[in-house]
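K.L.:
Provided herewith is a single structure, encoded as structure tokens, for subsequent inquiry.
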Amino acid sequence: MEIYLSNMKNMSRDNQLAKLRNVIAIDGPAGAGKSTVAREVAHRMQYVYLDTGAMYRALTVRALQEPVDLTEEAALAQLAARTDIELRPGTYEDSRVRVFVDQKEVTDQLRTPEVNEAVSYVAQSPAVRHHMKVQQRQLASAGWVVAEGRDIASHVLPEAGCKIFLTASLEERARRRWEELRAAGYQVHKETVQENLRQRDRIDSERKVAPLVRVPDAYMIDSSCLTIEQVVEMVVEYCKRGGLSAIRPG
Ligand code: CDP
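Under our numbering, residues 377 to 626 are what the sequence shown spells out, in order.
Right, dumping it as structure tokens:
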């Protein structure tokens with residue numbers, strides 16, 4: 377089903393598609409480096425960075441606060457309907473994405489081990505996903521966006537002019553996530569982190585609605601042995617070859 381957005385009603389279909397072509401979609405499993413790469417590509421190309429995982433994480437923060445039974449579809453659907461999530465996308469001057477749930481900032485609570493554990497259960501809900509998709513299309517509707525997630529190229533923005541599937545080995549992804557958590561002051565075992573990633577990969581890839589997949593026209597990059605800089609170069613080069621303007625006009 378196609379979704380027409382209220383702020384796009386007066387735009388011709390060709391105009392809509394032209395805007396959405398100026399979107400870079402980066403999908404892949406946790407810890408592949410999507411956030412860092414997406415943020416840097418957005419900075420280099422002067423696009424807006426859209427972190428869709430942050431939206432699922434924000435709703436998870438709320439679900440854990442209430443608390444809501446994460447296996448109850450009806451409860452999650454209700455929660456999604458009554459929770460206001462505001463994402464203030466980073467700009468090319470300040471790439472930090474700030475996230476608000478019902479007007480309260482939750483940016484610092486998004487990446488705790490508790491949220492890491494719970495988020496994929498929340499993201500399985502069809503109602504939650506529908507809700508997110510509508511908002512994400514709205515945010516991307518102006519074009520010149522680097523959107524990063526699991527289902528961007530396959531479901532949310534299939535019109536994107538540049539599609540990347542970024543992955544890395546499970547061991548390397550776990551090592552990076554463990555370093556990140558340690559740097560943030562969390563004491564966790566590397567094995568626990570690896571197990572959480574394995575579990576999330578499984579839930580994200582096997583869920584019924586919008587699972588993590590590589591679409592056939594996505595350019596696949598395995599970042600296991602590459603630096604962030606190398607991956608960023610590859611993505612920017614690929615986008616240019618695909619005809620995306622390197623710099624957002626005006
Ligand atoms: O940063 P990391 O890759 O660990 O995760 P994230 O991108 O913040 O996403 C957290 C979780 O949200 C994922 O494991 C998915 O369960 C869910 N998610 C999703 O289902 N679809 C998206 N477009 C983005 C995230």
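Where is the CB? At the ideal position from N, CA and C, for every residue including glycine.
Spell out a yes or no on whether the segment 392-403 and the segment 503-519 are touching, meaning 3 or more CB-CB pairs, one atom from each, closer than 8 Å.
P.N.:
Contact between the segment 392-403 and the segment 503-519 is present, because at least three Cβ pairs lie under 8 Å.
K.L.:
Assign ILE604 to one of two classes, buried (16 or more other C-beta atoms within 10 Å of its C-beta) or exposed (fewer than that).
P.N.:
Its Cβ having fewer than 16 others within 10 Å, ILE604 is exposed.
K.L.:
Is the beta carbon of LEU620 closer than 9 Å to that of ILE400?
P.N.:
Closer than 9 Å, so yes.
K.L.:
Go ahead and pull the three-state DSSP assignment for CYS601.
P.N.:
The answer is coil: DSSP assigns CYS601 none of H, G, I, E or B.
K.L.:
Return yes when at least one heavy atom of the ligand CDP lies under 8 Å from the C-beta of TYR562, else no.
P.N.:
No.
K.L.:
What are the complete alpha helix (DSSP H) segments, minimum 4 residues, inside the segment 401-429?
P.N.:
Here the runs fully enclosed are 410-421.
K.L.:
Skipping 5 residues on each side, what residues in its chain have a beta carbon closer than 7 Å to that of MET610?
P.N.:
So the qualifying residues of the chain are ILE597.
K.L.:
Going along the chain, which residues of its own chain have a beta-carbon closer than 6 Å to the beta-carbon of LEU546, five neighbours each way excluded?
P.N.:
Excluding residues within five positions, none has a Cβ falling inside 6 Å.
K.L.:
Please classify MET377: does DSSP put it in a helix, a strand, or coil?
P.N.:
Low local confidence applies: a pLDDT of 26 at MET377 is under 50, so the model's placement there is unreliable, with the coordinate-based value given in what follows. Coil, per DSSP.
K.L.:
Would you give the residue range spanned by the beta strand (DSSP E) that THR672 belongs to?
P.N.:
For the chain, the structure presents residues 377 to 626; residue 672 sits outside this window and is missing.
K.L.:
Going by other Cβ atoms of all chains shown within 10 Å of its Cβ, with 16 needed for buried, is LYS509 buried or exposed?
P.N.:
By the 10 Å Cβ count, LYS509 comes out buried.
K.L.:
Out of ARG583, GLY561, LYS539, which one is the CA nearest neighbour of TYR614?
P.N.:
Out of ARG583, GLY561, LYS539, LYS539 has the C-alpha closest to the C-alpha of TYR614.
K.L.:
Taking LEU455 as the reference, give the member of ASN398, VAL444, THR412 with the closest Cα.
P.N.:
Checked all of ASN398, VAL444, THR412; the closest Cα to LEU455 is VAL444.
K.L.:
Take VAL498 and list the residues in its own chain whose beta-carbon comes closer than 8 Å to its own, dropping the five residues that flank it on each side.
P.N.:
If we look at VAL498 and ignore the five residues flanking it on each side, its Cβ neighbours are TYR432, LEU435, THR436, ALA439, LEU446, LEU452, VAL504.
K.L.:
For the alpha helix (DSSP H) containing VAL569, list its first residue and its last residue.
P.N.:
Unbroken alpha helix (DSSP H) run through VAL569: 566-582.
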